[in-house]
Amino acid sequence: MRLRTMLIWLAVVPTVAMGAQVAVTAERLLTQADHLRGDLAASKRIGEPLFRLMVELQAERKTTAARWAGAPVRDGDLRDRRAATDKAVAEFRRLSAQSDTPPVPGQTAEHIQDVKDRLDQLGAFRSRADAHSGVAAQTMAYYDGVIDGITGLYQGAFAHAEDAGLLQETRPVVAMLSASEMLARQDTILTLAGPSRELTPTAFGEFLSDAGAHRHLYDTWVVPYLPPAEKQTYEGITSSAAWKTKLRVETAVIAQHKITDSGMKLPAEVNDWSAAYPVFSGQLAELGNQRSRDLLAHADEAAAELEAEVYWLVGGSAGALLLVVAVVVITTRSVLRRLRRLHERTVAVAEVTLPDVVARLHRGQPVDDAALPEVRGDKDEVGQINDAFARVVAVSVDGHRRLAAERHGFGMFASGIASRTGNLVSRQLSLTEDIQDAFGHDEALLAELMRSDQLTVGMRRQVENLLILSGGEVPDPHTEPMRVADLLREAAAEVEDFRRIERYALDEASVEPSVISQISHLLAELLDNATRFSPPRSKVVIRAELVADGLSVEIEDRGPRVGESGYEEMNRRLHSAPPYSELAENAHRLGLFVVGHLAEQLGAKVTLRRSVYGGTSAVVVLPGDLLARTAAPAASVTPAASVTSEASARESAAVPESAPAPAPVRRAAPEAAPDRVAAPERPAPALAQRTPALRPTTGGGGGRPALPERVPQTHMTSQLRAPRAPEPEPGPGPDTPEEVADAWADYEEGTQKVEAEIRQEQDQR
580 MRLRTMLIWL
590 AVVPTVAMGA
600 QVAVTAERLL
610 TQADHLRGDL
620 AASKRIGEPL
630 FRLMVELQAE
640 RKTTAARWAG
650 APVRDGDLRD
660 RRAATDKAVA
670 EFRRLSAQSD
680 TPPVPGQTAE
690 HIQDVKDRLD
700 QLGAFRSRAD
710 AHSGVAAQTM
720 AYYDGVIDGI
730 TGLYQGAFAH
740 AEDAGLLQET
750 RPVVAMLSAS
760 EMLARQDTIL
770 TLAGPSRELT
780 PTAFGEFLSD
790 AGAHRHLYDT
800 WVVPYLPPAE
810 KQTYEGITSS
820 AAWKTKLRVE
830 TAVIAQHKIT
840 DSGMKLPAEV
850 NDWSAAYPVF
860 SGQLAELGNQ
870 RSRDLLAHAD
880 EAAAELEAEV
890 YWLVGGSAGA
900 LLLVVAVVVI
910 TTRSVLRRLR
920 RLHERTVAVA
930 EVTLPDVVAR
940 LHRGQPVDDA
950 ALPEVRGDKD
960 EVGQINDAFA
970 RVVAVSVDGH
980 RRLAAERHGF
990 GMFASGIASR
1000 TGNLVSRQLS
1010 LTEDIQDAFG
1020 HDEALLAELM
1030 RSDQLTVGMR
1040 RQVENLLILS
1050 GGEVPDPHTE
1060 PMRVADLLRE
1070 AAAEVEDFRR
1080 IERYALDEAS
1090 VEPSVISQIS
1100 HLLAELLDNA
1110 TRFSPPRSKV
1120 VIRAELVADG
1130 LSVEIEDRGP
1140 RVGESGYEEM
1150 NRRLHSAPPY
1160 SELAENAHRL
1170 GLFVVGHLAE
1180 QLGAKVTLRR
1190 SVYGGTSAVV
1200 VLPGDLLART
1210 AAPAASVTPA
1220 ASVTSEASAR
1230 ESAAVPESAP
1240 APAPVRRAAP
1250 EAAPDRVAAP
1260 ERPAPALAQR
1270 TPALRPTTGG
1280 GGGRPALPER
1290 VPQTHMTSQL
1300 RAPRAPEPEP
1310 GPGPDTPEEV
1320 ADAWADYEEG
1330 TQKVEAEIRQ
1340 EQDQR
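Residue 580 is where the sequence shown starts when you use this note's numbering, and the numbers rise one by one after that.
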């Protein structure tokens, strides 16, 4: 289908649909307005007669109850009350049967017929009341049923109205009618008690139910929906003396009644009801009438608004349809021509120019801005789209430029931080060694020094983490292969809580010297994670053995249980080096990022899973090409009293100051499980190049074990092995001006040399 045809259909189809929708909406609104008008007419025609009929029935019910209870009621008063009721019934029948008025809806007609059928039985129940035939409850129930039918007729008057606001206004009106009936029933029941103030248990229960229903209706369905002015009127009614008398009588009936053989004996406070009831019932009735008048007025306004809305809808829609047709006919050719040219330029930029620019930026090559689309500043819509696309391309290219610059800057920043921190770590280690040499005889101080040394080793590992995450590599000073048992010991020595680690080397194998530091760092991160997230007194087991794919190292802890989704997320980061964009969201899992990058560099596979003990098991599978083809030559074995593992030496040195004598030296971790065959434990020739070697010092005397002593310059990377200039000794006095000038000249010369080297490195990149 041609674009011209598509544009025409794009205008025609919505136009036809819009016209159909307008017709359907107009018909629906007119039907709704007609229904509302019919409800309004029916309400005005029979609403007032119904209300008068309900009031007269309530009054006749009360008079009948008073005479039944033996109260002094004259025959003339009863006849007058019944005559008023008959007059209201006749008026209701006449108005509901008129043929010249609009017909009422079906549901409303059913309610009217139901009320008429009930009124046909009025004479029979009057005769029963006069003859005291049956029980009073049956006669009162008849009056209650007729009044309930009238209330239902009010409720169904606007029940099918589609105006939500009108429905909301109907609910409080119906609720007020129902509440007034509950109040009238309370009055009838108290009247039925008579001078003896006695009620049957059934009548007493109905009184309590009517009192609760009245309060519930007003609190839930009336007061929250009243306008502010009418709500203020209701608050005035509830604060009046008559309303307080009502509440006091209800409370007395509930709390002070007495159970007798004939029923329920009411307290004397019920005598105050007859004087207060006409006052507050009349006030509530007036409030209900006002709400009904407002409802009818709002219904009339809603019907008028619906009719006006139909007229505006039809007129506006017709004009809009004509305008759409005219715009389509005039602009089709122009739009097609401009869109064709825009399409050609956009395709060329998207398929050729932009991919080439992005690829060159990723390779670090410069980009000529002339190759990018330019902003022409056209004022028409198609030109603005073209300029917007050009701006998008420019922003994208600038973003790639900034990203490349930020990556380079982050690498330089990380390198600088690592270099400075490395110098501080080197000085800290040297200072620790000097203090150890000077005060090695103090066992308590030596224990603290070993603690400080371990923290410094952790600092060095964090510096190496920074180098790894910035794209660098961990320097490896090793020149000879290292046995797996020694590699496990070296990794464990990097962890602060190394005493909890048990090492098992199940096979005699060695690792190539070029990857020793990387593997040791990877295992140290996993061990550190295992010790930190497991109970303080639990053991962390690391075992290594040869498998078909190379060397398998498993680290198992007794830490908290992790869900399957947690393992899946962590393994996703470990199986491939995650991007740095995730660091901001997962800064608390820095170790996983480091392990992921090291695993990618080594070609290793790291998997986390749930262990049989409920903790976490980390399995590292190193490829076979990282293992030395021939085993490293065995070093000369030194006596056990003079050569100990680093972990054992640190544990033996950490003796509390209050202890009278240091505890016997024990190994921090067994070299093999008792029921397994393990490789013999012996120091590797290259171990001293990475782990801090310790040598024993002469004990203080007696049976005390030999104290460990650090061998200087044995736990440093190649960048930190350069000879360190000695600290200048404090001179006898201040420097001369000539010495200060020479020192400043040397400083400037060194600064210029460093800046030249940095510029040269940037040009090469």
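We treat Cβ as the ideally placed atom computed from N, Cα and C, and that holds for glycine.
Using the Cα positions of residue i and residue j, report the straight-line distance between them to the nearest angstrom.
i: TRP588; j: ALA899; result: 17 Å
i: TRP891; j: ARG912; result: 33 Å
i: PHE671; j: ALA596; result: 49 Å
i: GLN1007; j: HIS1176; result: 28 Å
i: VAL1141; j: ILE1080; result: 21 Å
i: ARG1111; j: ASP1013; result: 31 Å
i: ALA984; j: LEU940; result: 10 Å
i: LEU586; j: LEU918; result: 12 Å
i: PRO1139; j: ALA1178; result: 25 Å
i: GLY626; j: LEU632; result: 10 Å
i: LEU1187; j: LEU1171; result: 11 Å
i: THR584; j: ALA590; result: 10 Å
i: GLY598; j: ASP879; result: 29 Å
i: ARG776; j: ALA790; result: 18 Å
i: GLY1203; j: ILE1121; result: 19 Å
i: LEU657; j: THR642; result: 7 Å
i: GLU559; j: SER1113; result: An answer regarding residue 559 cannot be provided, because it is not within the stretch 580 to 1344 covered by the chain.
i: GLN869; j: PRO806; result: 11 Å
i: TRP852; j: LEU875; result: 34 Å
i: SER819; j: LEU866; result: 15 Å
i: ALA663; j: THR839; result: 38 Å
i: ALA1354; j: VAL1191; result: In this structure the chain extends from 580 to 1344, so residue 1354 is not present and cannot be described.
i: MET761; j: PRO593; result: 57 Å
i: VAL858; j: ALA864; result: 10 Å
i: VAL1063; j: GLU1087; result: 7 Å
i: ALA991; j: ARG916; result: The sequence shown places Met at residue 991, rather than the Ala named in the question. Distance between the alpha carbons of MET991 and ARG916: 53 Å.
i: GLU809; j: ALA710; result: 45 Å
i: HIS690; j: ALA676; result: 14 Å
Check each candidate in the options and name the one with the smallest Cα separation from residue i.
i: ALA763; options: GLN600, ILE838 and ALA644; result: ALA644
i: LEU1201; options: GLY1142, LEU1125 and LEU1153; result: LEU1125
i: ALA708; options: ARG640, PHE968, ASP947 and ARG1151; result: ARG640
i: PRO952; options: ALA927, GLU960 and VAL961; result: ALA927
i: GLU1423; options: VAL1198, SER871, LEU1106 and ALA831; result: Nothing about residue 1423 can be reported from this structure: the residues present for the chain run from 580 to 1344 only.
i: ALA612; options: GLY1194, ARG581 and LEU885; result: LEU885
i: LEU1181; options: HIS1100, LEU796, ALA1109 and ARG1116; result: HIS1100
i: LYS695; options: ASP665, GLY713 and ALA716; result: ASP665
i: GLN747; options: ALA969, ARG1062 and VAL801; result: VAL801
i: GLY956; options: ALA949, ASP947, ALA969 and VAL1094; result: ALA969
i: THR718; options: ARG924, SER706 and VAL1063; result: SER706
i: ALA650; options: ASP723, PHE630 and LEU771; result: LEU771
i: TRP822; options: PRO846, SER860 and GLY842; result: SER860
i: VAL668; options: VAL725, ALA1072, SER841 and LEU1024; result: VAL725
i: VAL972; options: PHE989, LEU901 and VAL931; result: VAL931
Starting from residue i, follow its DSSP beta bridges and name the residues at the other end.
i: ILE1134; result: ILE1121 and ALA1197
i: ILE838; result: MET843
i: LEU875; result: LEU875 is not bridged to any residue.
i: GLY1129; result: VAL1126 and PRO1202
i: GLU777; result: LYS844
Between which two residues does the beta strand (DSSP E) holding residue i run?
i: ARG1189; result: 1184 to 1189
What first and last residue would you give for the alpha helix (DSSP H) that runs through residue i?
i: THR812; result: 807 to 817
i: GLN1180; result: 1169 to 1181
i: PHE671; result: 654 to 675
i: ASN1150; result: 1143 to 1154
i: PRO780; result: 780 to 796
Of all Cβ atoms in chain C, is any one closer than 9 Å to the Cβ of residue i?
i: HIS793; result: Of the protein chains in this structure there is only one, and it is not chain C.
Please find out if some non-hydrogen atom of the ligand NAD comes closer than 8 Å to the beta-carbon of residue i.
i: LEU866; result: Although the ligand NAD was asked about, the structure shown includes no ligands whatsoever.
Which ranges would you report for the alpha helix (DSSP H) in the region 1009 to 1096 if only whole runs of at least 4 residues count?
Entirely contained in the region 1009 to 1096, the alpha helix (DSSP H) runs reaching 4 residues are, in chain order, 1022 to 1048 and 1063 to 1072.
Would you mind listing the alpha helix (DSSP H) stretches within the region 700 to 729 that are 4+ residues and don't spill past its ends, in chain order?
If only complete runs of 4 or more residues are kept, the region 700 to 729 shows the alpha helix (DSSP H) at 701 to 710, in order along the chain.
Report the residue ranges of all alpha helix (DSSP H) runs contained in full by the region 898 to 949; include only those spanning at least 4 residues, in chain order.
Qualifying alpha helix (DSSP H) stretches, in chain order: 933 to 941.
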